[in-house]
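Novice:
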Ligand SMILES: Cc1cc2nc3c(=O)[nH]c(=O)nc-3n(C[C@H](O)[C@H](O)[C@H](O)COP(=O)(O)O)c2cc1C
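In the working numbering, the protein residues as written are 229 to 631.
#1: Once DSSP output is grouped into helix, strand and coil, what is the label at residue 349?
#2: From the DSSP output, in three-state form, read off residue 333 for me.
#3: Pull the bridge partners of residue 555 from the DSSP assignment, please.
#4: For residue 548, which three-state DSSP category applies?
#5: Roughly how many angstroms lie between the CA atoms of residue 516 and residue 486, to the nearest whole one?
#6: So what does DSSP say about residue 462, is it helix, strand or coil?
#7: Taking all protein chains shown into account, decide if residue 605 is buried (16 or more other Cβ within 10 angstroms of its Cβ) or exposed.
#8: Using the rule of at least 16 other Cβ atoms within 10 Å of the residue's Cβ for burial, across every protein chain shown, is residue 276 buried or exposed?
#9: On the three-state DSSP scale, how would you describe residue 535?
#10: Return the Cβ separation of residue 567 and residue 621 in integer angstroms, given the expectation that the two are a contact with Cβ distance under 8 Å.
#11: Should residue 444 be labelled buried (16 or more other beta-carbon atoms within 10 Å of its own) or exposed?
#12: Can you name the start and end residues of the beta strand (DSSP E) that residue 626 belongs to?
#13: From which residue to which residue does the beta strand (DSSP E) around residue 318 run?
#14: When DSSP labels each residue in this structure, what does residue 356 get in the three-state scheme?
#15: Are three or more beta carbon pairs between the stretch 541 to 557 and the stretch 501 to 512 nearer than 8 Å?
#16: May I have the straight-line CA-CA distance separating residue 379 from residue 626, to the nearest angstrom?
#17: Is there contact here, the stretch 280 to 298 with the stretch 492 to 504, by at least three beta-carbon pairs under 8 Å?
#18: Would you tell me roughly how many angstroms separate the C-alpha atoms of residue 520 and residue 492, rounded to the nearest one?
#19: Cβ-heavy atom distance between residue 427 and ligand 1 below 7 Å?
#20: What does the Cβ neighbour count give for residue 453, buried or exposed, with the cut at 16 atoms within 10 Å?
#21: Look at the Cβ atom of residue 336, then the Cβ atom of residue 576, and state whether they are nearer than 8 Å.
#22: Given residue 543, which residues of its chain have a CB within under 6 Å of its CB, disregarding the five upstream and five downstream residues?
#23: Which residues in the same chain as residue 299 place their Cβ atom closer than 7 Å to its Cβ, once the five residues preceding and following it in sequence are excluded?
#24: From the DSSP output, read off the bridge partner residues of residue 281.
#25: I want to check one thing, is the minimum distance from the CB of residue 566 to the heavy atoms of ligand 1 below 7 Å?
#26: Can residue 290 be considered in contact with ligand 1, in the sense that its beta carbon sits closer than 7 Å to one or more heavy atoms?
#27: At a cut-off of 7 Å, is residue 574 close to ligand 1 when judged by its beta-carbon and the heavy atoms of the ligand?
#28: Looking at the unbroken alpha helix (DSSP H) that takes in residue 594, where does it start and where does it end?
#29: Do residue 582 and residue 594 count as a contact pair if the criterion is CB distance below 8 Å?
#30: Considering only heavy atoms of ligand 1, list every residue whose Cβ is less than 5 Å from one of them, following chain order.
#31: Let me know if residue 450 comes out buried or exposed under the rule of 16 or more other beta-carbons within 10 Å of its beta-carbon.
#32: For a test of the three-state rule: what should DSSP assign to residue 397, helix, strand or coil?
#33: Can you say whether residue 630 is buried or exposed, counting buried as having 16 or more other CB atoms within 10 angstroms of its CB?
#34: With DSSP as the reference, label residue 258 as helix, strand or coil.
#35: Kindly indicate the opening and closing residues of the beta strand (DSSP E) around residue 498.
#36: Output the distance between the C-alpha atoms of residue 267 and residue 347, rounded to the nearest integer angstrom.
This is the structure we're talking about:
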């Protein structure tokens with residue numbers, strides 16, 4: 229840890245800092261911290277907000293790995309919209325309510341949660357830290373948060389569940405082969421997972437220009453980890469072991485709504501559909517028998533719609549009309565962001581890059597600090613708004629400019 233701290237201090241003193249490729253390209257992510265964006269913290273305890281972890285991640289990650297977490301699609305319009313949309317939602321504070329005891333306790337699909345803040349599925353976490361998904365699981369355990377595990381995890385689900393000390397939810401990219409999906413579902417269920425999260429927002433793939441820019445700038449030879457050819461990448465993902473699938477099978481373009489019934493038949497896990505942004509598809513989730521809908525534009529990594537996730541939340545909530553829980557992610561960086569989603573009717577909010585930056589920067593300790601900070605920020609804004617508990621948070625607590 230000492231050498232890491234010294235390295236960060238060296239970087240902080242470097243005249244090159246602030247001129248990095250990443251620094252120039254990602255001004256969007258640091259809008260919140262204008263002028264101070266390049267300060268580097270040496271330990272998680274120094275963090276003022278999650279953007280402090282972003283600054284460190286940007287410096288310590290290999291160029292292309294940073295590109296993997298940073299990327300949006302096309303010209304990053306959705307990536308930007310995810311953040312900008314929060315600025316149009318303002319808070320309406322209700323004063324003089326006794327908020328000396330604020331509770332974040334909530335319930336989601338029959339599970340009692342210490343807070344509505346959930347770790348979104350993020351693949352290949354060993355690209356960010358040697359302990360990868362295990363560090364995330366240990367942080368989730370220590371801080372009492374639900375973790376959703378990507379099926380492109382770099383640690384097997386059995387090990388992650390052991391590290392978390394409780395089941396994770398299992399996110400699924402099924403490939404074009406039903407047998408692959410079925411094998412993974414059976415394995416996840418046998419390991420203890422009770423919920424499968426089907427991601428449906430990359431079925432025709434996405435155009436990750438920013439990732440390409442960073443990869444091009446990375447001069448290392450990456451074949452030692454990634455294999456010599458494009459056909460090999462699935463072989464490095466343990467959940468695909470024994471499925472018989474190869475990278476060429478990574479094609480979900482034929483998937484339609486009847487897939488939900490297929491999942492239901494093959495597994496007794498509850499089913500969440502991730503990647504919904506419209507009322508029409510929220511309605512389809514209800515009709516196809518899913519258990520929950522998860523609003524997401526994949527953190528601006530699916531299509532470049534230019535539509536912030538929080539902007540599609542109201543129509544989804546209206547279409548669902550209380551018939552199932554609504555989750556959301558994409559662009560959440562602060563307690564106030566989380567509060568706004570809860571006020572618009574979300575039941576839980578998932579975070580992606582916010583904890584991945586911290587994982588890259590400081591491993592488990594970083595992720596723990598992000599979770600602790602976001603809970604503290606959410607509690608503070610709840611107190612300010614006069615909301616003592618999650619069910620207390622209502623639409624009267626927010627307004628939408630021009631809405
Ligand atoms: C590096 C990275 C990898 C991701 N991998 C997956 C994945 O394997 N499965 C999935 O459903 N979503 C994946 N996502 C999307 C996240 O689950 C989530 O939707 C997104 O990160 C939320 O936006 P935010 O990062 O702005 O919070 C990934 C996101 C990132 C940044």
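For glycine and all other residues, C-beta sits at the position ideal for the given N, C-alpha and C.
Specialist: Checking against the coordinates, here is how it stands:
#1: What you label residue 349 is simply residue 121 of the chain shown in a count that begins at 1. Here residue 349 sits in coil by DSSP.
#2: One-based indexing of the chain shown puts residue 333 at position 105. DSSP places residue 333 in coil when its eight states are reduced to three.
#3: To locate residue 555, count along the chain shown from 1; it is residue 327. 522 and 576, per the DSSP bridge assignment.
#4: Taking the chain shown and counting its residues from 1, one reaches residue 548 at position 320. Three-state result, residue 548: helix.
#5: Here residue 516 is taken as the residue at index 288 of the chain shown, counted from 1. Here residue 486 is taken as the residue at index 258 of the chain shown, counted from 1. Taking the straight line joining both Cα atoms gives about 7 Å.
#6: As a working mapping, residue 462 is identified with position 234 in the chain shown. Residue state, collapsed to three classes: helix.
#7: Residue numbering aside, residue 605 sits at position 377 when the chain shown is read from its first letter. So residue 605 ends up on the buried side.
#8: By one-based count along the chain shown, residue 276 stands at place 48. Result: exposed.
#9: Taking the first residue of the chain shown as 1, we reach residue 535 at position 307. In this structure, residue 535 counts as coil in the three-state DSSP scheme.
#10: What you label residue 567 is simply residue 339 of the chain shown in a count that begins at 1. What you label residue 621 is simply residue 393 of the chain shown in a count that begins at 1. Confirmed, Cβ separation roughly 7 Å.
#11: Locating residue 444 in the chain shown gives position 216, counting from the first residue. Exposed, by the Cβ-count rule.
#12: Within the chain shown, residue 626 is the residue found at index 398, counting from 1. From DSSP, the beta strand (DSSP E) with residue 626 extends over 626 to 628.
#13: For the purposes of this step, residue 318 is taken as the residue at position 90 of the chain shown. From DSSP, the beta strand (DSSP E) with residue 318 extends over 317 to 319.
#14: By one-based count along the chain shown, residue 356 stands at place 128. Residue 356: coil per DSSP, three-state reduction.
#15: yes
#16: Position 151 of the chain shown holds residue 379. Position 398 of the chain shown holds residue 626. Distance between the alpha carbons of residue 379 and residue 626 is about 36 Å.
#17: no
#18: For the purposes of this step, residue 520 is taken as the residue at position 292 of the chain shown. For the purposes of this step, residue 492 is taken as the residue at position 264 of the chain shown. Rounded to the nearest angstrom, the two C-alpha atoms are 13 Å apart.
#19: Here residue 427 is taken as the residue at index 199 of the chain shown, counted from 1. Indeed, a heavy atom of ligand 1 lies less than 7 Å from the Cβ.
#20: To locate residue 453, count along the chain shown from 1; it is residue 225. The residue in question, residue 453, is exposed, as its Cβ has fewer than 16 Cβ neighbours within 10 Å.
#21: To locate residue 336, count along the chain shown from 1; it is residue 108. To locate residue 576, count along the chain shown from 1; it is residue 348. Yes, the Cβ-Cβ distance between residue 336 and residue 576 is below 8 Å.
#22: Walking along the chain shown from the start, residue 543 turns up at place 315. 507, listed in sequence order.
#23: The residue given as residue 299 occupies position 71 in the chain shown. These residues qualify, in order along the chain: 436, 438, 439 and 529.
#24: Numbered from its first residue, the chain shown carries residue 281 at position 53. For residue 281, which the question treats as bridged, DSSP gives no partner whatsoever.
#25: Your numbering for residue 566 matches position 338 in the chain shown. For ligand 1, not one heavy atom lies less than 7 Å from the Cβ of residue 566.
#26: As a first step, residue 290 is located in the chain shown; it is residue number 62 there, counting from the start. No, the beta carbon of residue 290 sits no closer than 7 Å to any heavy atom of ligand 1.
#27: In the chain shown, the residue the question calls residue 574 occupies position 346. Flag unset: Cβ of residue 574 not near ligand 1.
#28: Translated into the one-based positions of the chain shown, residue 594 becomes position 366. Where residue 594 is concerned, the enclosing alpha helix (DSSP H) stretches over 592 to 613.
#29: The sequence position of residue 594 within the chain shown is 366, counting from 1. The sequence position of residue 582 within the chain shown is 354, counting from 1. No, Cβ-Cβ distance for residue 594 and residue 582 is not below 8 Å.
#30: 297, 348, 349, 350, 351, 378, 380, 399, 427, 524, 526, 527, 557, 558, 559, 580 and 581
#31: Against the chain shown, residue 450 aligns to sequence position 222. Classification of residue 450: exposed, given that the 10 Å Cβ count is below 16.
#32: In the chain shown, residue 397 corresponds to position 169, counting from 1. In this structure, residue 397 counts as strand in the three-state DSSP scheme.
#33: Taking the first residue of the chain shown as position 1, residue 630 is located at position 402. Label assigned to residue 630: exposed.
#34: On the chain shown, residue 258 is found 30 positions in, with the first residue counted as 1. Residue placement at residue 258 is flagged as unreliable, the pLDDT there being 49, under the threshold of 50; the coordinate-derived value follows with that caveat. DSSP places residue 258 in helix when its eight states are reduced to three.
#35: Reading the chain shown from its first residue, position 270 is the one you call residue 498. It spans 498 to 504 - the beta strand (DSSP E) in which residue 498 sits, taken as one unbroken run.
#36: Here residue 267 refers to the residue found at position 39 when the chain shown is read from its first residue. Here residue 347 refers to the residue found at position 119 when the chain shown is read from its first residue. So the alpha carbons of these two residues sit roughly 26 Å apart.
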